[in-house]
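Beneath this line is the structure, given in C-alpha cells, with notes to follow.
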Amino acid sequence: MTGSADPTNNISDTQLRQGVRRSMRWLRALEDTQAGPVGKVACRAFNRVAAREIADEALRVNAVFRGFIWPPNKGQSGFQNIIAYNQAVSRDPARFFAARTHEYIHALQYSSAAAMNTDPFNAASDIALGPLAYVQRKERLEQDAYVKGAWLQSLLAQKQPGCANVLDRTPLGVQDFLRLRADCGGDLGLTLSRAAVFAANAQGNWLDTKSRHPARDLWHYLALREYEGILKARARSDKMPPVYVRMGLADIREIGATLGVNTFGNVAQAMALPELSAQNKKLLKEIEKRFSIPAHDTMPTVSEALAARDMPAHRFIKQSRQYKGP
Numbered sequence: 000m001t002g003s004a005d006p007t008n009n010i011s012d013t014q015l016r017q018g019v020r021r022s023m024r025w026l027r028a029l030e031d032t033q034a035g036p037v038g039k040v041a042c043r044a045f046n047r048v049a050a051r052e053i054a055d056e057a058l059r060v061n062a063v064f065r066g067f068i069w070p071p072n073k074g075q076s077g078f079q080n081i082i083a084y085n086q087a088v089s090r091d092p093a094r095f096f097a098a099r100t101h102e103y104i105h106a107l108q109y110s111s112a113a114a115m116n117t118d119p120f121n122a123a124s125d126i127a128l129g130p131l132a133y134v135q136r137k138e139r140l141e142q143d144a145y146v147k148g149a150w151l152q153s154l155l156a157q158k159q160p161g162c163a164n165v166l167d168r169t170p171l172g173v174q175d176f177l178r179l180r181a182d183c184g185g186d187l188g189l190t191l192s193r194a195a196v197f198a199a200n201a202q203g204n205w206l207d208t209k210s211r212h213p214a215r216d217l218w219h220y221l222a223l224r225e226y227e228g229i230l231k232a233r234a235r236s237d238k239m240p241p242v243y244v245r246m247g248l249a250d251i252r253e254i255g256a257t258l259g260v261n262t263f264g265n266v267a268q269a270m271a272l273p274e275l276s277a278q279n280k281k282l283l284k285e286i287e288k289r290f291s292i293p294a295h296d297t298m299p300t301v302s303e304a305l306a307a308r309d310m311p312a313h314r315f316i317k318q319s320r321q322y323k324g325p
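Shown next as C-alpha cells:
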C-alpha cells in the first residue's frame, strides 16, 4: 500500500511485541541450499529499514505497509514506514510470520528502488510514475513480495510444519512454490521468475465472491483506484506532478533486489506491460483522459529522469524519506 491515512494507534499490544520477537527468531534460523543463511540476511535487512509496527483494530486485511502520505502533516515525515496488523493475525504465530515477511519485503522495496519513491503520494518528488507505470509497479512489487514470502515460508515449514498451509488462500502457497522449485531442478532464480508469473495468474475470488479472476486483476484495480484518488487530491490543491515517468529494466530490477536472487532476471518478463482486464482498461483510459496524461511510451524512465537532474538514486531515496511537511 502506498498512500494512507495517518495512523493514530502505536504498538502497545503485548501479543504483537511477542509476535515480532518470535518471528525474528524463526526467521534468523532459516537457511537455503542455494542462498545459504538467508534468514540472518533477512533479519539484518529488516532491522536496517526499521519499519514501525503497530496494531490496527480497524484493519480488514491481515497487514499493510504504509509508505508515503500526501500531503504530509506539518513538520512530519511524508514517508510513514509503518507496518500495521489486524488483531486476528497478531494472535496466530504462523499467519503473523507470513504477513510480517510480506510487508517487510515491501519496506525493503522502498529502501532500494527509486521507482518506489517516484510516487504521486511523495510530496518530495517532482517526478511521478504515469498511471500505466504505477499499475506495472504494483504488479512487480506484489510479485516480489509473494514469491519471496512463499520462499521463506517454505523454509520455515521445514522447521515448523504447522506453518506450511498459511499461504494456501493467497496467490502463491508453499506447496505451489515447492512444486515450481522441483520443476526448476531446485534452481532458485528460475523458480522465483516462474513463481512471479504463477502468482499474477493465480485464479481466485480476489475481487468478489461471485467470480474468479487472476490475482493481477485485483492488484491493477487497487493501483488504478489509488492513482485516481491521489491525482484528484493533487488537482484540488493545484499540485499536479510536473513530470511523468515510466520504468526501465534497471528500475524494475531494483524492486526485485530485496532478498536472495532478483525476482526479475528474465528481461522480457520484467518489462512486460500489465495485461489489463476490460474493466481496468476502461478505468485506465478514463484516468489518462481526465488528467491529460502523456502517452506511456513518450515518458522518460525513472533512471533517465533522475540522471537529467544529476540525482543519484540513493540520494533521491534518502531525500524522499527525510522530507517533512512545510
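Numbering that gives the first Met the number 0 numbers the first residue of the sequence shown as 0 and each following residue consecutively. Beta carbons: idealized from backbone N, C-alpha and C, even for Gly. All of these numbers come straight from a predicted model, not from anything done at the bench.
| Check | Outcome |
| --- | --- |
| Could you pull out every residue in the same chain whose Cβ sits closer than 8 angstroms to the Cβ of G185, ignoring the five residues on either side in sequence? | T32, Q33 |
| In this structure, how does DSSP classify R65 when only helix, strand and coil are distinguished? | strand |
| So which of M23, K280, A54, I53 has the shortest CA-CA distance to K39? | M23 |
| Using only CA atoms, which one of Y220, Q142, A113, G228 lies nearest to R314? | A113 |
| Out of curiosity, what's the CA-to-CA distance linking K280 and D309? | 35 angstroms |
| Could you name each continuous beta strand (DSSP E) segment of 3 residues or more that falls completely within the stretch 122-177, going from the start of the chain to the end? | 126-128 |
| May I ask you to report which of helix, strand or coil DSSP gives T297? | helix |
| Buried or exposed: which applies to M270, given that a residue is buried once 16 or more other Cβ atoms fall within 10 Å of its Cβ? | exposed |
| For the candidate residues A307, N85, P293, E303, whose alpha-carbon lies nearest to that of G129? | P293 |
| Using 7 angstroms as the threshold, is the C-beta distance between A83 and V63 below it? | yes |
| Whole angstroms are fine: how far does the CA of R65 sit from the CA of A98? | 14 angstroms |
| Just list the residues that DSSP pairs H212 with in beta bridges. | G203 |
| Taking the beta strand (DSSP E) that Y103 falls in, what are its first and last residues? | No beta strand (DSSP E) holds Y103; the alpha helix (DSSP H) holding it covers 92-111. |
| Short of 6 angstroms in beta carbon distance, which residues of its chain neighbour S276, apart from the five on each side in sequence? Order them along the chain. | D216 |
| My guess is that T300 and R252 are in contact by the Cβ rule of under 8 angstroms, so how many angstroms apart are they, rounded? | Actually they do not touch by this definition, with Cβ atoms about 12 angstroms apart. |
| Buried or exposed for L258, going by 16 or more other Cβ atoms inside 10 Å? | buried |
| Determine whether the beta carbon atoms of A194 and L166 lie at a separation below 7 angstroms. | no |
| Looking at the strands, I want to know which residues DSSP matches up with G35. | D31 |
| Between N80, V196, Q75, R90, which has its C-alpha nearest R16's C-alpha? | R90 |
| Measure from the alpha carbon of L248 to the alpha carbon of each residue in I104, R136, P325, then state which is nearest. | R136 |
| Distance, Cα to Cα, W69 vs G161? | 41 angstroms |
| Would you tell me roughly how many angstroms separate the C-alpha atoms of G2 and Q14, rounded to the nearest one? | At G2 the pLDDT is 46, less than 50, meaning the model places this residue with poor confidence and gives no usable figure here. |
| Could you have a look at R193 and say whether DSSP puts it in helix, strand or coil? | helix |
| What does the Cβ neighbour count give for E56, buried or exposed, with the cut at 16 atoms within 10 Å? | exposed |
| When the distance is taken between beta carbons, is L29 closer than 7 angstroms to L343? | Nothing in the structure corresponds to residue 343, since the chain is present only between 0 and 325. |
| Between Q157, K284, F197, A41, which lies nearest to Q108 when the distance is taken from Cα to Cα? | A41 |
| Determine the direct distance from the alpha carbon of Q159 to that of A222, and round the result to whole angstroms. | 35 angstroms |
| Going by the DSSP bridge assignment, what does G324 pair with across the sheet? | K73 |
| Rounded to whole angstroms, what's the CA-CA distance from M0 to E287? Just pull it up for me. | Since pLDDT at M0 reaches only 42, below the 50 mark, its modelled position is unreliable, and no value is offered. |
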